[in-house]
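Residues 6 to 386 in our numbering are what the sequence shown spells out, letter by letter. Below is one structure, written out as structure tokens; comments come after it.
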Amino acid sequence: MKKIGILGSTGSIGTQTLDIVRSNSDLQVVALAAGSNVSLMEKQIREFKPKLCVMWSEEAARELRIKTADLPLQVLSGMEGLLTLAVLEEMEVLVTAIVGMIGIKPTIAAIEAGKTIALANKETLVTAGHIIMPLAAEKKVPILPVDSEHSAIFQSMNGENKKRVSKILLTASGGPFRGRKKEELKDITVEDALKHPNWSMGRKITVDSSTLVNKGLEVIEAKWLFGVEPENIQVIVQPQSIIHSMVEYEDGAVMAQLGTPDMKLPIQYALFYPDRRPMDGKRIDFYELGSITFEKPDTETFKGLSMAYDAIRVGGSMPTVFNAANEMSVSLFLNRKIKFLEIYDLIQGAMENHKVVANPSVEEILEAETAAYEFIRSNRK
Ligand code: NAD
Ligand code: MG
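Now the structure itself:
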């Protein structure tokens, strides 16, 4: 029996992780955490019977305690709750499916306690990769990627000598606005941005996919996970989302992982690595597919990707500012407070305004986050 905890169990990755638990009787859920969706959390608790549950707000936790008073369950709240969950004695694997930098502290606590991390929460690696990766190495804790591209890269490196990698070829769908120019993006609505052509995901990452910020975050995530410098990570638009990423070796061989766009595969792979388990679902029909096409990303229009390369080249606290400014801008866009293209303006402004701290501590990362938020609060039109 493998005992798992999930940060963000009510979200897109969280609910799909629970689907994997449903079809594998040797997985047991011991802890769940979420933001505010009390009714879904109550259903999950009654089905999976964890011993610990955390809601971000104390108000939600209070409501949940009343609803689950008949169960032997501990309900906590806030960062203290997340940190308690992260080190829960019997938990072996923590699935980090929470969205945003809020995942940094719990992820670090879990690594310190020796828990295996199945990592979906890319913002954590983007901002604190320089702390997390060495710590995981020191504690001999595996960080198993859940992000589909990174899982594909990980699978393409199985059994290979990592020193012989020459390039990571990170694929991108191009998002819903692929082919459009800046002029045609001015009046993009929230509804337009939430229509991803191939993947069904949470709202924030779906907007990130439409700006190519998501691909930018993934370049930085790949740098930390695989120790490859950004100039050796090439983004390739592959609109059908069939090739989930590739690795080129020094002899010119390219290894790739292909599949239908379904996050359940990378989630299940992380949970059972190095084993593979059977899984239902659609298979690629290559006759029906006919062709797989490739394009260069349009980084002039979709500046999310070029800004991410700038951020990681500068390094230190700059990726944090890139990420934090994006988190806040996307939230403003989703709340219809700013227009689509202002997301880029605000990220760029916050980055230009930032005084870089080299090798930032967790506290300095959180200070850079606050400064980016403050910059946006006082500079949005
Ligand atoms: P989502 O918005 O669907 O779900 C986020 C989850 O986190 C929810 O359960 C929410 O309640 C919880 N949460 C948010 N704030 C919280 C807080 N302060 N305390 C406790 N819980 C909190 O997001 P998602 O699409 O599942 O994405 C989760 C992470 O996985 C993100 O980092 C995303 O970039 C990454 N990811 C997602 C996908 C995907 O297909 N959805 C693919 C690759 C990577
Ligand atoms: Mg991805």
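Just so you know, even glycine gets a beta-carbon here, dropped at the ideal spot from N, CA and C.
- By the neighbour-count definition (other C-beta atoms within 10 Å, threshold 16), Leu-294 is an exposed residue.
- Rounded to the nearest angstrom, the gap between the Cα atoms of Asp-75 and Phe-53 is 15 Å.
- For Glu-253, there is no enclosing alpha helix (DSSP H); the enclosing beta strand (DSSP E) has its first and last residue at 248-254.
- Going by DSSP, Leu-174 is part of the beta strand (DSSP E) stretching over 170-177.
- When the Cα atoms are used, Phe-231 and Ile-71 turn out to be separated by approximately 45 Å.
- The count of Cβ pairs closer than 8 Å, one atom from the segment 100-109 and one from the segment 298-306, stays below three, leaving the stretches out of contact.
- The beta strand (DSSP E) runs lying completely inside the segment 70-145 and spanning 3 residues or more are 79-82, 98-101 and 121-124, given in chain order.
- Between Ile-225 and Asn-219, the alpha-carbon positions lie close to 10 Å from each other.
- Near ligand 2, meaning a beta-carbon closer than 6 Å to one of its heavy atoms, we find Asp-152, Ser-153, Glu-154 and Glu-223.
- Distance from the CA atom of Gln-239 to the CA atom of Glu-223, rounded to whole angstroms, is 11 Å.
- Straight-line spacing of the CA atoms in Ile-193 and Glu-332 works out to 18 Å.
- Linking Val-80 to Lys-269 through their CA atoms gives a straight-line distance of about 28 Å.
- In this structure, the C-beta of Val-59 approaches ligand 1 to less than 8 Å from one of its heavy atoms.
- The C-beta distance from Ile-18 to Ile-272 rounds to 7 Å, short enough to fall under 8 Å.
- In this structure, Thr-132 has its CB at a distance of at least 8 Å from all heavy atoms of ligand 1.
- Of all C-beta pairs linking the segment 328-345 to the segment 127-140, three or more are shorter than 8 Å, placing the two stretches in contact.
- Spanning the alpha carbons of Ser-250 and Ile-173 requires a straight line of approximately 8 Å.
- Taking every protein chain shown into account, the CB of Asp-213 has 16 or more other CB atoms within 10 angstroms, so this residue is buried.
- Excluding the 5 residues flanking it on each side, Tyr-349 has same chain C-beta neighbours closer than 6 Å at Lys-308, in chain order.
- Taking a cut-off of 8 Å for Cβ pairs, the segment 89-97 and the segment 47-65 touch, as three or more such pairs fall below it.
- The beta carbon of Lys-209 sits closer than 8 Å to at least one heavy atom of ligand 1.
- Remark: the C-beta of Asn-166 is outside contact range of ligand 1, defined as less than 8 Å to any heavy atom.
- Excluding residues up to 5 positions away in sequence, Gln-33, Val-35, Glu-95, Met-96 and Glu-97 lie with their Cβ nearer than 6 Å to the Cβ of Lys-8 in the same chain.
- Here Asp-24 is exposed: its Cβ has fewer than 16 other Cβ atoms, across all protein chains shown, within 10 Å.
- In the structure shown, the three-state DSSP call for Gly-16 is coil.
- For Pro-202, the secondary structure class from DSSP, reduced to helix, strand or coil, is coil.
- Per DSSP, the unbroken beta strand (DSSP E) holding Leu-57 starts and ends at 57-60.
- In this structure, Asn-237 has its CB at a distance of at least 8 Å from all heavy atoms of ligand 1.
- In the displayed model, Lys-386 falls within coil according to three-state DSSP, outside both helix and strand.
- Taking 9 Å as the cut-off, the beta carbon of Pro-279 is found closer than this to the beta carbon of Asn-163.
- Relative to ligand 1, even the nearest heavy atom lies 8 Å or more away from the CB of Asp-24.
- In the three-state scheme derived from DSSP, where H, G and I count as helix and E and B as strand, Gly-221 is classed as helix.
- Counting C-beta atoms within 10 angstroms of its own C-beta, Glu-374 has 16 or more neighbours from the protein chains shown and is therefore classed as buried.
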